[in-house]
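Visitor:
Numbering (my numbering), first residue to last: -10 to 393.
Here it is as structure tokens:
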């Protein structure tokens, strides 16, 4: 009985436990939350800093590798090849390259790409470092033009990139000769530029040679500048003797072009980029004064004309007034006699025409109003004993010229 009372009393004294549920943020979730924030920030940074993906078409994928081949500008990595595929028509290779974000303003329609490999040519040795590191893709960035993402790579690296100051010009020549890409351009035997490209002109009748002259030397070129082929050794053997001319050892090995502005009373004007000039065959031909008016005469000789060749000068009292154009031999079957007609070209503008104490220009002197037609002057000179004679110009070469 007492035990039951004791248990009842003990039960009354023992308090009942109260269970409470604590609601709030547990510190254990802090670690994955921080990891999620960092991951999101890294993903955002990766996407925001990721540059554009461009497509470059090459003829071949030689030397290019996915994940290894870089795109470089001034030896600074600005991109990397991500994939190499065949083009849709399998006539080219499509290279996908991921560029850096900083290149976006320079990826325009005027930007150029090419593969840089080790090269040994007559112009020198280039990109030897690629023998160890492998080929890479070069870029010539440009801010001019519309944004672009598809490009066709150049077949060969450009000789001059857009960041090099200077000016381009075009020289037109009947033939290319020994001139090649990389051939130097000389001014007073100092190299100031180089040949960057050549091709046929629009109708295929001549060769257009594109040259680049470095700044500030391009200011030496004006409307009266003459260019000539300075390749190899220029040896001239004519009636006046033997002449030997060359610019340098480099021009002998790989060709070259020189230019000069001869003294002239004509006003010299500045020329714009891509101005076209004529390329002369030699220094003498370039600096020779050119006349617009030409007259042709036929002269007959009854003695040997051995040593008289086209281009031989025609002189009047030692002053050049023309040149020989053609020499022929005509046999008269009726008389069994031979005649040698020689066609010569005279340049009347070389002579000053005076009448009654007044000097006339050539066009004025031979106007019908003055009565000083060319035939009358020629007839008057012949009546005074003017004749053409073959004379020896050089005893060593035996070449002749026509003296009046």
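Where a beta carbon is used, it is the ideal one built from N, C-alpha and C, also for glycine.
Quick check: the region 243 to 261 against the region 286 to 293, are there 3 or more CB pairs under 8 Å?
Guide: Contact fails: fewer than three Cβ-Cβ distances are below 8 Å.
Visitor: By Cβ distance below 7 Å, which residues in the same chain neighbour residue 375 in space, the five residues on each side in sequence not counted?
Guide: So the qualifying residues of the chain are 393.
Visitor: Where does the unbroken alpha helix (DSSP H) through residue 403 begin, and where does it stop?
Guide: Beyond the ends of the chain as shown, which are -10 and 393, falls residue 403; an answer cannot be given.
Visitor: Just the Cα atoms here: how many angstroms apart are residue 219 and residue 182?
Guide: Their Cα atoms are separated by approximately 14 Å.
Visitor: Return yes when the Cβ of residue 148 is within less than 8 Å of the Cβ of residue 171, no when it is not.
Guide: Taking 8 Å as the Cβ cut-off, residue 171 and residue 148 qualify as a contacting pair.
Visitor: Let me confirm a value: residue 162 is counted as buried when at least 16 other C-beta atoms fall within 10 Å, else exposed. Which label applies?
Guide: So residue 162 counts as buried.
Visitor: Whose CA, out of 330, 73, 305, 70, lies closest to the CA of residue 337?
Guide: Measuring from the Cα of residue 337, the nearest candidate turns out to be 305.
Visitor: Give every residue of the same chain whose Cβ lies closer than 7 Å to the Cβ of residue 95, excluding the five residues on either side of it in the sequence, and list them in chain order.
Guide: If we look at residue 95 and ignore the five residues flanking it on each side, its Cβ neighbours are 130, 131, 132.
Visitor: Hey, out of 270, 282, 317, 142, whose CA is closest to residue 293's CA?
Guide: When only C-alpha atoms are compared, the closest one is 317.
Visitor: Mind checking whether residue 283 and residue 340 have CB atoms under 8 Å apart?
Guide: No.
Visitor: Can you give me the Cβ contacts of residue 124 inside the same chain, cut-off strictly under 8 Å, excluding the 5 residues immediately before and after it?
Guide: Closer than 8 Å at Cβ, skipping near neighbours: 51, 52, 53, 58, 104, 105, 106.
Visitor: Would you say residue 307 faces chain B, with C-beta separation under 8 Å as the test?
Guide: No chain B is present in this structure, which holds just one protein chain.
Visitor: Please list the segments of the beta strand (DSSP E) lying wholly inside the region 101 to 169, counting only runs of 3 or more residues, in order along the chain.
Guide: As far as the region 101 to 169 is concerned, its whole beta strand (DSSP E) runs of at least 3 residues are 101 to 105, 108 to 110, 113 to 115, 125 to 129, 139 to 141, 155 to 162.
Visitor: Among all the DSSP beta bridges, which residues are the ones paired with residue 178?
Guide: None, per the DSSP bridge assignment.
Visitor: Using the DSSP secondary-structure output, state which residues sit across from residue 249 in a beta bridge.
Guide: DSSP output for residue 249 lists 215 as bridge partner(s).
Visitor: I want to know whether the region 296 to 311 touches the region 269 to 277 - three or more CB-CB distances under 8 Å.
Guide: The region 296 to 311 vs the region 269 to 277: no contact.
Visitor: Tell me which residues share the same chain as residue 87 and place their Cβ nearer than 7 Å to its Cβ, disregarding the 5 neighbours each side in the sequence.
Guide: Taken in chain order, the residues that qualify are 40, 42, 68, 69, 71.
Visitor: Could you tell me which of 315, 314, 329 sits nearest to residue 321, measuring between CA atoms?
Guide: The option with the nearest alpha carbon to residue 321 is 329.
Visitor: Taking residue 158 as the reference, which of 164, 174, 389 has the closest Cα?
Guide: Answer by Cα proximity: 174.
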